[in-house]
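In our numbering, the protein residues as written are 486 to 763. Just so it is clear, CB atoms sit at the ideal spot from N, CA and C, and this is done for glycine as well.
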Amino acid sequence: MATWFCNVCEKYGLNYFLIGGSAIGAVRHNGFIPWDDDLDIGMLRSDFDKFRKVSIRELPSNYKIEYGVLKNNVFSSLLRIRNNDTTGIIVDEYEQNAPGGGIFIELYPFDNVPTGIKRKVQLAKSSMLFLALNNWNRKENFSGIKRLIISGLKMFPIESVWRMYEKNNTKYSGTKTEYVDTVALPSYAKQGIHFYKKTDVQQTVSHSYEFIDLNIPKGNDTCLRQQYGDYMELPPLEKRGTHHDFIVFYDPDRSYLEYKDSEILKKYFNGDISVELL
């Protein structure tokens with residue numbers, strides 16, 4: 486999938502950059518962190534939107550793109566490229582009795598944001614409010630003003646709420662700003678872990694990553710130190726481990742369709758078995 490994604494970006498002149506643990510893996514391990522298991526990629530909003538459009542005609546028959554309102558009427562605020570011949574079922578999909586899908590790459594849209602903390606936090610809070618509708622669909626309980634607001638949002642079709650959410654996230658797209666952030670992930674935006682100077686990610690450099698080359702931000706060191714501090718220092722043994730354990734069920738050799746109604750998923754997400762025992 487990574488090779489296909491890179492080829493599409495090269496063909497259409499789209500910029501991308503590794504972020505988070507994937508960016509650490511590139512500079513510290515020349516590939517995946519040994520105890521990590523996914524690939525996280527950032528794109529500035531303009532490139533992100535262009536990729537969404539061109540990927541439709543470039544998509545292999547065994548791949549699918551997930552973004553926006555899904556069939557189970559919840560939001561996918563990240564774009565996932567999934568391989569239908571594999572299994573990568575997320576616990577939320579299992580709990581909502583959603584179809585699920587294959588192993589995925591996640592694309593994070595980076596939007597223009599104001600420099601002022603107050604306006605930046607307000608932008609994230611507005612985004613969080615729209616995403617709260619996902620929790621409503623899961624029948625979680627809210628109280629006070631949040632319950633009233635979400636009750637009001639329920640009057641709108643889910644597609645309309647998604648459009649309002651997207652409009653909020655891209656509020657500063659037509660404004661020249663010094664910084665970008667993952668407004669689509671408001672919990673991250675409130676913490677400021679992806680609050681990057683645009684100049685740090687606008688230009689990228691190629692870096693070896695497993696058996697291919699992938700792009701990292703030219704300001705990769707600055708970005709990673711903001712999120713992790715001394716990212717080149719290995720964490721203690723007790724803090725190492727696959728952070729997706731019991732959150733994502735992986736099987737690279739079989740399609741997710743083979744696990745429909747399987748008791749294996751129930752046992753895995755309950756923590757009763759691990760993938761290694763299958």
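| Taking the runs of the beta strand (DSSP E) that are 3 residues or longer, which of them lie wholly in the stretch 666 to 725? | Qualifying beta strand (DSSP E) stretches, in chain order: 689 to 694 and 697 to 702.
| request: Express the C-alpha separation of L544 and L499 in angstroms, rounding to a whole number. | output: Straight-line Cα distance between these residues: approximately 16 Å.
| query | Can you give the Cα-Cα distance for V493 and I550, rounded to whole angstroms? | reply | Between the C-alpha atoms of V493 and I550 there is a straight-line separation of about 14 Å.
| DSSP-derived helix/strand/coil call for I574 | Three-state result, I574: strand.
| query | With a cut-off of 8 Å, do at least 3 Cβ pairs link the stretch 742 to 761 to the stretch 593 to 612? | reply | In this structure the stretch 742 to 761 does not touch the stretch 593 to 612; the number of beta carbon pairs closer than 8 Å is below three.
| Just checking, does the stretch 507 to 522 make contact with the stretch 668 to 686 on the three C-beta pairs under 8 Å criterion? | The answer is no - the stretch 668 to 686 does not touch the stretch 507 to 522, with fewer than three Cβ pairs under 8 Å.
| query | Taking the DSSP output, what are the residues bridged to K549? | reply | Residue pairing by DSSP places K549 opposite R567 in a beta bridge.
| task | Please name the residue or residues paired with Y664 in a DSSP beta bridge. | result | Secondary-structure assignment with DSSP links Y664 through a beta bridge to V598 and K682.
| query | In its own chain, which residues sit with a C-beta less than 7 Å from the C-beta of T655, not counting the 5 before and 5 after it? | reply | These residues qualify, in order along the chain: R530 and D596.
| said: Taking the beta carbon of I541 as the centre, do at least 16 other beta carbons fall within 10 Å, making it buried, or is it exposed? | reply: If you draw a 10 Å sphere on the C-beta of I541, you find fewer than 16 other C-beta atoms in it, and that means exposed.
| task | Please report how far the alpha carbon of L524 lies from the alpha carbon of M640, in whole angstroms. | result | Cα to Cα, the separation comes out at about 37 Å.
| message | Can you list, in chain order, the residues of its chain with a C-beta nearer than 7 Å to that of Y744? Leave out the 5 residues immediately preceding and following it. | response | Contacts found: T572, I574 and L750.
| query | For N557, is the classification buried or exposed, using 16 other Cβ atoms within 10 angstroms of its Cβ as the cut-off for buried? | reply | Exposed, because fewer than 16 other Cβ atoms sit within 10 Å of the Cβ of N557.
| message | Since V559 and Q581 should fall inside the 8 Å C-beta cutoff, what is the C-beta to C-beta distance between them, to a whole number of angstroms? | response | Contact between V559 and Q581 holds, since their C-beta atoms are separated by about 7 Å, short of 8 Å.
| Candidates Y593, P594, L592 and D577, of which the one nearest G586 by Cα | Looking at the Cα atoms, D577 is the closest of the given residues.
| field | Residues that L529 bridges to, as DSSP identifies them | value | Beta-bridge pairing links L529 to F595.
| field | N-terminal and C-terminal residue of the beta strand (DSSP E) that Y735 is part of | value | Per DSSP, Y735 belongs to the beta strand (DSSP E) from V733 to D736.
| query | Can you give the Cα-Cα distance for S562 and E663, rounded to whole angstroms? | reply | Rounded to whole angstroms, S562 to E663 spans 23 Å at the Cα level.
| said: Looking at Y579: is its Cβ nearer than 9 Å to the Cβ of G527? | reply: For Y579 and G527, no; Cβs fall outside 9 Å.
| Straight-line CA distance for E644 to M486? | Rounded to whole angstroms, E644 to M486 spans 29 Å at the Cα level.
| field | Beta-bridge pairing of S561 - partner residues as DSSP gives them | value | Among the bridge pairs identified by DSSP, S561 is matched with G553.
| query | By the 10 Å Cβ neighbour count, where 16 or more other Cβ atoms means buried, how is F680 classified, buried or exposed? | reply | Sixteen is the threshold: when 16 or more other Cβ atoms of the shown chains lie within 10 Å of the Cβ of F680, as they do, the residue is buried.
| request: Starting from W647, trace the alpha helix (DSSP H) both ways and give me its first and last residue. | output: According to the DSSP assignment, W647 belongs to the alpha helix (DSSP H) that extends over I643 to N654.
| When S658, Y753 and N653 are compared against L616, the one with the closest alpha-carbon | Distances from the alpha-carbon of L616 to those of S658, Y753 and N653 put N653 closest.
| So what does I590 bridge to, in DSSP terms? | According to DSSP, I590 bridges with I566.
| Taking all protein chains shown into account, do 16 or more other C-beta atoms lie within 10 angstroms of the C-beta of N705, making it buried, or fewer, making it exposed? | Buried is the call here.
| said: Just to confirm the assignment, what range does the alpha helix (DSSP H) spanning L750 have? | reply: For L750, the enclosing alpha helix (DSSP H) covers residues E748 to F754.
| Just to confirm, are S747 and D570 a CB contact at a threshold of 9 Å? | No, they are not a contact pair.
| request: Select from A511, K538, P721 and I504 the residue whose C-alpha is nearest the C-alpha of S693. | output: Out of A511, K538, P721 and I504, A511 has the C-alpha closest to the C-alpha of S693.
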